[in-house]
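Asker:
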Amino acid sequence: MNLHNVEQARFNMIEQQVRPWDVADAVVLQLLSDVKREDFVPSNYKAMAFADMAIPLPGQQVMLAPRLQARLLQDAAVQPTDKVLEIGTGSGFTTALLAHQAQRVISLEINPELADLARANLQRANIQNAEVRCTDGAQGAAAEAPFDVILLGGSVAEVPQTLLAQLKVGGRLVAIVGNEPIMHATVITRTSDTNFKSSEKWDDNAPRLLNFPQPSSFKF
Numbered sequence: 264m265n266l267h268n269v270e271q272a273r274f275n276m277i278e279q280q281v282r283p284w285d286v287a288d289a290v291v292l293q294l295l296s297d298v299k300r301e302d303f304v305p306s307n308y309k310a311m312a313f314a315d316m317a318i319p320l321p322g323q324q325v326m327l328a329p330r331l332q333a334r335l336l337q338d339a340a341v342q343p344t345d346k347v348l349e350i351g352t353g354s355g356f357t358t359a360l361l362a363h364q365a366q367r368v369i370s371l372e373i374n375p376e377l378a379d380l381a382r383a384n385l386q387r388a389n390i391q392n393a394e395v396r397c398t399d400g401a402q403g404a405a406a407e408a409p410f411d412v413i414l415l416g417g418s419v420a421e422v423p424q425t426l427l428a429q430l431k432v433g434g435r436l437v438a439i440v441g442n443e444p445i446m447h448a449t450v451i452t453r454t455s456d457t458n459f460k461s462s463e464k465w466d467d468n469a470p471r472l473l474n475f476p477q478p479s480s481f482k483f
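Read the sequence shown against the working numbering and you will find it ends at 483, with the numbers running on by one and no gaps.
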């Protein structure tokens, strides 16, 4: 793909996939234009970098479709002073987008091969304020808490208390929650030491994050 084609494909991705999906945040749209998505895609899938699809990554993981990444980012509403925890680094593309918006990003990736890949990608993209740790993200990073934003890069059956406890008051957790066929993108805001407010934003499916607890009982 020559440079002109790449830029055209990037423009089409933003205008035809992302914007029609209710992503109107100028900062998010500009980031998708500036941060080179193709540099975060495994080399054998470069041609699909801008397609409206999940892209396979090592360890049976995937890179979410661009519109999902954009919408989660818009819901997270990251501010320049925010400290962000990302769970599920993948190839590091969402990490890079977050790093451009936040003061600091800590990203947790359970798969060592992916953690190395993401680190290399972020280094190449000259991102200085994001750190990838190879660890089980289901536990969060209590030593670094509290966080302004916690963003989950895959779906969970329910959000564990462990993570909610790591939010600052006024902080928010963004995740795709529920079970197939319909999962809900959910923003949970910590309104006080003991209270949380949850709102469902939109519906879509995403692959599961590893090691998160499955709910023990059905809720009717």
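Every residue gets a Cβ at the ideal spot worked out from N, C-alpha and C, and that includes glycine. All of these numbers come straight from a predicted model, not from anything done at the bench.
(1) Would you mind stating whether E301 and A317 have Cβ atoms separated by less than 7 Å?
(2) What number of angstroms, rounded off, separates the C-alpha of Q280 from the C-alpha of D315?
(3) Please state the DSSP three-state secondary structure of E421.
(4) Can you name the residues that DSSP bridges to G441?
(5) Could you give the DSSP three-state label for Q386: helix, strand or coil?
(6) Determine the extent of the alpha helix (DSSP H) in which V291 is found, giving its start and end residues.
(7) Check whether the Cβ of S418 lies closer than 6 Å to any heavy atom of the ligand GDP, and answer yes or no.
(8) Can you tell me which of Q364, K431, N389, E443 puts its alpha carbon nearest to the alpha carbon of E421?
(9) How many Å lie between K346 and F274 at the Cα?
(10) Whole angstroms are fine: how far does the CA of Q366 sit from the CA of E463?
(11) M326 by DSSP, collapsed to three states: which one?
(12) Using 8 Å as the Cβ pair cut-off and three pairs as the minimum, do the stretch 379-387 and the stretch 405-412 touch?
(13) Output the boundary residues of the beta strand (DSSP E) element that contains A362.
Answerer: Based on what the coordinates show:
(1) By one-based count along the sequence shown, residue 301 stands at place 38. By one-based count along the sequence shown, residue 317 stands at place 54. For the pair E301 and A317, the CB atoms are not nearer than the 7 Å cut-off.
(2) By one-based count along the sequence shown, residue 280 stands at place 17. By one-based count along the sequence shown, residue 315 stands at place 52. Taking the straight line from one Cα to the other gives about 7 Å.
(3) Mapped onto the sequence shown, residue 421 falls at position 158. Looking at E421 - three-state DSSP - the assignment turns out to be coil, as it is neither helix nor strand.
(4) Here residue 441 is taken as the residue at index 178 of the sequence shown, counted from 1. Answer by DSSP bridge pairing, in chain order: M446.
(5) Counting from one through the sequence shown, the residue named residue 386 turns up at place 123. Helix at Q386.
(6) As a first step, residue 291 must be located in the sequence shown, where it is residue number 28. Per DSSP, V291 belongs to the alpha helix (DSSP H) from 289-297.
(7) Summarising the ligand content, the structure contains no ligands, and the ligand GDP is consequently not present.
(8) For the purposes of this step, residue 421 is taken as the residue at position 158 of the sequence shown. Here the closest residue by C-alpha is E443.
(9) The residue you call residue 346 lines up with position 83 of the sequence shown. The residue you call residue 274 lines up with position 11 of the sequence shown. Computed Cα separation, rounded: 30 Å.
(10) Against the sequence shown, residue 463 aligns to sequence position 200. Against the sequence shown, residue 366 aligns to sequence position 103. When rounded, the distance between both Cα atoms is 27 Å.
(11) Here residue 326 corresponds to residue number 63 of the sequence shown, with the count starting at 1. Strand.
(12) no
(13) Here residue 362 corresponds to residue number 99 of the sequence shown, with the count starting at 1. Per DSSP, A362 belongs to no beta strand (DSSP E); it is in the alpha helix (DSSP H), 356-364.
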